[in-house]
Structure formats: C-alpha cells, structure tokens
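*Asks:* My questions will all concern the structure given below.
Put into structure tokens, the structure is as follows:
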C-alpha cells in the first residue's frame, strides 16, 4: 500500500506533518517501538509507530530519525498522547532526512493502525495472505466465534499447510492449532521438553544478536522461530537494550525451514506475529489491575503502615486474584532479581514480567493462566504476592503453595540459555502467612532467601524459607579470603597427610561428624575396626591441634568441610 492511502482513512486519525512529496512510498509492514535504537528489528519499508518515550530532549530526535532512514523505513508516525503536540525538533529532523512524518491523534490506538496496515499490506502482497489477515477480527476476539491466537494457527494450517505454535519465553505453550493442546488430534502436540528446547534456542539466538527467523533442528524436524513482540513499551534494561524484551517476548515456532522461503512468505509470518502481538498487548493490559494492587500492598508494607490498613487492601485484592473466594486467603511472597553482568539497567520491570511467567503452572496452557498472580517491582527487584486458598500447616515444607526447589525446574533450561554469559536470575520464596501482620516478615524472609540463592553458582537459582533456619543462611556471606584461611588452617594438614600416606583422613572426618561422633556407627559405615577408626581420629587431632570430643571443635570441622 502507499503512504497517501493512510491519509484517506479517517479512522486512523493521521495528520501529515512533513514529507508530502514522498507519499507514493510503499508500506511493507508496521512496527511499534519506543526504543532509542530499533534498527535490529527493522528490515525496511515499515511504517514506524512511536509514543516518543525514547525522547529525553531535543537532541535525541536527529539520531533517532537517522537510524530509521538508514534502515529504509517508509515513514514515521508519532503519537500525541505522551507530549501533546509532536515536538518541532522531530519535525525538523524528519524534513532534513526526507522522512515522511505523521501525527497520531491521542484517541487512536496504535493497535488500530497496526491492524489496518497489516490487513491492507497482506491483501496486496500475495493471494495466500488474504486467507489469514482478512479474518483478523475473528482471530483476535474472545468467545465461541473467535478463539484468540490459536485461530491464527488453525488458519495457517488450513490455508497454508503450516504447523505452528506460540510459546512463552520460558517454553510454556500459549497457543496451538486444534488437537495440539494435549488432546488427541490430527496435528501432533509439542511435548514440554521440545517447547523448552525451542525457547532456549530462541533466547540464545536473540542474546547473541542473530536476526530472526532462527532455524532450529530438533529430532530431525526443522523449526523456524519468529519473535512475537508487543508494543515496544515492555520492560527493557534501558533504551536500545534488547535484553529486557528478550525475557518477556513470545515466539512463534513454525514447523518449516524459512531459510528457503520467498519474501512474500516471510512477510506473511511477520504479519501473523503482529496479529498475535495484539493478543499479547491485551494480556499485558489485563495485568495492570493486578500489578497496581500488588504495588499498593507493597508500598504499605514497606512504609510500615498499620496492619489494619494493609488488611483492608488485601481484602480488595483477594476477590480480584481469587474470584468467588469467601474468606481472605493465606499469602506467600516471592522476590526475584535479574542482574546483568555489566551492571547496566534497571532489572525491576524486566524481572516483573519474567516472574509473572515463572509463577504460572508450567502444565497450564493459553495466554491468561496468570490471573491469580500480582507482581510489583521496586528498585531492581520484582515482588509477587501469591494467594493460597487454604494452608493446613504453614510450616509444612511439602504443603501447598510455591516451593523454591520446584519453582524453576521447568524454566531453568531456557532461561540459562538466555542469560548465559550476560546475567543471572535469583529467586527467594517466603513461608505462607495468614494475616497482614505477617507480610512484612514474609517480605524480609523472601529477600533473605533470594540473597542465599544469589550466593550459589549458576545462572538461575532459587532458595526457600526452609533454608533460613540453618547455617546455610550464614555460609554464603563469609568473605572468600576468610573462607579460604579458615578451611586451609583446619583441612590442609589433613589433605597433605592423605596425599603422602593415602590415609583417607578427610573421608574419615566427614563420616565421623555425619555419625554424630558415634564410634560404632562410623566404623560400620567405613567398614573399619573401631581401633583403626580411633587411630585415624587421633591422627586428625594430632595434625590439627583440635579435640573431636569438644562440641566447638566438631562445629569448626563441620563448617570447614561445608565451605571447602
């Protein structure tokens, strides 16, 4: 379609601010962004929509426009909702580079323009696109006549013989053609392991800066992975940094090798991802109420508000998070943090979106199973308020609710691939509490648990409240030099003796402590005569100057072994 055709559609609310001589340019697609440098997501010919959140002062307009022109975009459309009128410096920059500029009235949603452009461009591009995009309203509506993004995938299968699935960044199945959501059908389902592997390959490809679609071969089947990006206003470490959106973007996995596709077919899939992105944006908008409730509760807890005030806010939150619940639930607090190794960026919004995904049951499907999760963010942490309908024993480690050891089990692979060499995710989980008075303690408990997780090796780590009643809480915070000096003083003489005499004093010490100093049980475990065991323990005491009959010396040896 031509740019001038956009001006003829009153419903789009576009006003031309410059570039009248360039209105015969063709539009090949549409992209919404508020990144300062969106070049990696541009392929040329797009109408770029922006809310101007990237603009801090007048000096930002010139480099932004230059990037768009170098990428070969067709035109720029700036929304008036953020700043009112489009700034003069942006008008001047577009005129200097001969880039057509439109103003979008604040009453017009970018999604309306996106749907119109995708429909028009797709209809003109190729005959096989019409079957998909001309029915976009039915695709994106809810209820019996619609069905959301899974209808898009049904049409890809019926009209173009393409099998495709929509996955979350952690590999959870969000949408699939009929028969692939676990039930029997003509299209085989993607098993959870395959979904996780595809998500991991996608995150690894995006992290390393490779342009999509990404080609992946699993069990001799080739898939092409297309990112499904929202409005461009999602979480990001900082403008121009793709790492935040990487951890929250959906992806479209197509069972085909897109490497040999014609340009028209690639355009088709890009158009489909834009239609699915409408559903993604709707999901994000639906989370606004839950996020606001969590933010309000968090602010009350952190500022030391009266328990009665916090309890009143929880009574408001409970029906939203658990509809139909007659009484106030128990609550758990989960704290998470994404840390980039270069120290740049604010991880709070990034982790907020990621934690919302992690807390969803990995066995659930569809775009909206997270309607019971309220996640706020403060500083560089995301904090989730998780309601539990009933708790029989809040000290029962195997009881209901979020369990730290199981929380990251299904997402560890994909997230490790996405964070490898660049960042870490650490999560802490509190015990369940049954009143507003317990929330402040639960928040501190979850934060302490997250710090314990952060002291562990690995890209993705979690710790629960059960670990806070143990020495495990203290050991990770011992400085490395103190740790090395302490363990060397106690254990190095034994290691050296074992090296020279093959005496196995270290294994003997570990078994002796594990048997609580019982000579009989330890000798049985090591298959030794008791006199032989007494000789070894005596040698340990002689080499170290310690007495293993004293509790203090036993404790020192125990800690040295745990820290070594």
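Residue numbers (this note's numbering): 391 to 954. All C-beta atoms, glycine included, are put in the ideal place defined by N, C-alpha and C.
#1: On the premise that residue 797 lies in contact with residue 721, defined as a C-beta separation below 8 Å, what is that separation, rounded to the nearest angstrom?
#2: Can you check DSSP and say which residues form a bridge with residue 813?
#3: Excluding the 5 residues flanking residue 465 on each side, which residues of the same chain have their C-beta closer than 6 Å to its C-beta?
#4: Keeping to the same chain, check which residues put their C-beta closer than 6 Å to that of residue 680; ignore five residues upstream and five downstream.
#5: Quick one: any contact between the region 558-565 and the region 601-617, if contact means 3 or more CB pairs under 8 Å?
#6: For residue 777, which three-state DSSP category applies?
#7: Take every Cβ of the region 583-592, pair it with every Cβ of the region 697-713, and state whether three or more of those distances are shorter than 8 Å.
#8: Considering only the alpha carbon of each residue, which of 710, 708, 746, 646 lies closest to residue 726?
#9: Would the region 467-475 and the region 450-457 be scored as touching if the rule is three or more Cβ pairs under 8 Å?
#10: Which residues bound the beta strand (DSSP E) around residue 564?
#11: Are residue 618 and residue 641 touching if we call contact CB-CB under 8 Å?
#12: When DSSP labels each residue in this structure, what does residue 585 get in the three-state scheme?
#13: In terms of alpha-carbon separation, which member of 844, 503, 891, 902 lies closest to residue 399?
#14: Smallest Cα separation from residue 581: which of 800, 827, 396, 430?
#15: Would you call the region 588-597 and the region 815-832 touching, i.e. three or more CB-CB distances under 8 Å?
#16: When the Cα atoms are used, what is the spatial distance from residue 889 to residue 939?
#17: Is residue 353 helix, strand or coil when you go by DSSP?
#18: Starting from the C-beta of residue 479, find all residues in its chain whose C-beta is less than 7 Å away, skip the five residues before and the five after it, and write them out in chain order.
#19: DSSP three-state call for residue 799: helix, strand or coil?
#20: Going by beta carbon distance, what residues of the same chain come within less than 7 Å of residue 506, once the five residues before and after it are set aside?
#21: Rounded to whole angstroms, what is the Cα-Cα separation between residue 730 and residue 743?
#22: Go ahead and pull the three-state DSSP assignment for residue 617.
#23: Taking only three categories from DSSP, how would you classify residue 955?
#24: Strictly by DSSP, which residues pair up with residue 857?
#25: Figure out for me which residue from 892, 702, 915 has the closest Cα to the Cα of residue 902.
#26: So, at 7 Å on beta carbons, what are the nonlocal neighbours of residue 788 in its own chain, with the 5 sequence-adjacent residues on each side left out?
#27: Select from 872, 610, 848, 881 the residue whose C-alpha is nearest the C-alpha of residue 645.
#28: So the candidates are 424, 458, 445, 443; which of them puts its Cα closest to the Cα of residue 434?
#29: So, for residue 791: in the same chain, excluding its five sequence neighbours on each side, which residues have a beta-carbon less than 8 Å away from its beta-carbon?
#30: Does the Cβ-Cβ distance between residue 813 and residue 728 come in under 8 Å?
#31: Taking the alpha carbon of residue 802 as the point to measure from, which residue in 824, 918, 749, 648 has its own alpha carbon closest?
#32: Under 8 Å, do residue 794 and residue 852 count as touching if we go by C-beta distance?
#33: Per DSSP, residue 436 forms a beta bridge with which residues?
*Replies:* Working from what's here:
#1: Counting from one through the chain shown, the residue named residue 721 turns up at place 331. Counting from one through the chain shown, the residue named residue 797 turns up at place 407. The pair is not a contact, with the Cβ atoms about 16 Å apart (cut-off 8 Å).
#2: For the purposes of this step, residue 813 is taken as the residue at position 423 of the chain shown. Paired residues: 730.
#3: Start at 1 with the first residue of the chain shown, and residue 465 comes out as number 75. Excluding positions up to five away in sequence, the list reads 393, 437, 490.
#4: In the chain shown, residue 680 corresponds to position 290, counting from 1. Around residue 680: 764.
#5: no
#6: The residue labelled residue 777 in the question sits at position 387 within the chain shown. In this structure, residue 777 counts as strand in the three-state DSSP scheme.
#7: no
#8: Counting from one through the chain shown, the residue named residue 726 turns up at place 336. Of 710, 708, 746, 646, the residue nearest in Cα terms is 746.
#9: no
#10: Position 174 of the chain shown, counting from 1, holds the residue named residue 564. Here the beta strand (DSSP E) through residue 564 covers 563-565.
#11: For the purposes of this step, residue 618 is identified with residue 228 of the chain shown, where counting begins at 1. For the purposes of this step, residue 641 is identified with residue 251 of the chain shown, where counting begins at 1. Yes, the pair counts as a contact, with Cβ atoms nearer than the cut-off.
#12: Indexing the chain shown from 1 puts residue 585 at position 195. Residue 585: helix per DSSP, three-state reduction.
#13: For the purposes of this step, residue 399 is taken as the residue at position 9 of the chain shown. When only C-alpha atoms are compared, the closest one is 503.
#14: To locate residue 581, count along the chain shown from 1; it is residue 191. Considering only alpha carbons, the answer is 800.
#15: no
#16: Your numbering for residue 889 matches position 499 in the chain shown. Your numbering for residue 939 matches position 549 in the chain shown. Going by the C-alpha atoms only, they are around 26 Å apart.
#17: Residue 353 is absent from the model: the chain starts at 391 and stops at 954.
#18: Taking the chain shown and counting its residues from 1, the one referred to as residue 479 is at position 89. So the list reads 448, 451, once near-sequence residues are dropped.
#19: Your numbering for residue 799 matches position 409 in the chain shown. Correct three-state label for residue 799: coil.
#20: Along the chain shown, read from residue 1 onward, the residue named residue 506 stands at position 116. Hits under 7 Å: 399, 402.
#21: The residue labelled residue 730 in the question sits at position 340 within the chain shown. The residue labelled residue 743 in the question sits at position 353 within the chain shown. Taking the straight line joining both Cα atoms gives about 16 Å.
#22: The residue labelled residue 617 in the question sits at position 227 within the chain shown. Looking at residue 617 - three-state DSSP - the assignment turns out to be strand.
#23: Missing from the structure shown is residue 955; the chain here goes from 391 to 954 and no further.
#24: Sequence index remark: in the chain shown, residue 857 carries index 467 (1-based). Partner(s): none; residue 857 has no beta bridge.
#25: Numbered from its first residue, the chain shown carries residue 902 at position 512. Of 892, 702, 915, the residue nearest in Cα terms is 915.
#26: As a first step, residue 788 is located in the chain shown; it is residue number 398 there, counting from the start. Model confidence at residue 788 stands at a pLDDT of 38, short of 50, so the residue's coordinates are unreliable and nothing is read from them.
#27: On the chain shown, residue 645 is found 255 positions in, with the first residue counted as 1. Considering only alpha carbons, the answer is 610.
#28: The count along the chain shown starts at 1 and reaches residue 434 at position 44. Comparing Cα positions, the closest option is 458.
#29: Numbered from 1 along the chain shown, position 401 holds the residue referred to as residue 791. Taken in chain order, the residues that qualify are 720, 722, 776, 778, 781, 822.
#30: Start at 1 with the first residue of the chain shown, and residue 813 comes out as number 423. Start at 1 with the first residue of the chain shown, and residue 728 comes out as number 338. Their beta carbons are under 8 Å apart, which means residue 813 touches residue 728 by this criterion.
#31: Position 412 of the chain shown, counted from the start, is the residue given in the question as residue 802. Selected option, being the one with the closest Cα: 749.
#32: In the chain shown, counting from the first residue as 1, residue 794 sits at position 404. In the chain shown, counting from the first residue as 1, residue 852 sits at position 462. Yes, Cβ-Cβ distance for residue 794 and residue 852 is below 8 Å.
#33: Taking the first residue of the chain shown as 1, we reach residue 436 at position 46. Bridge partners of residue 436: 419.
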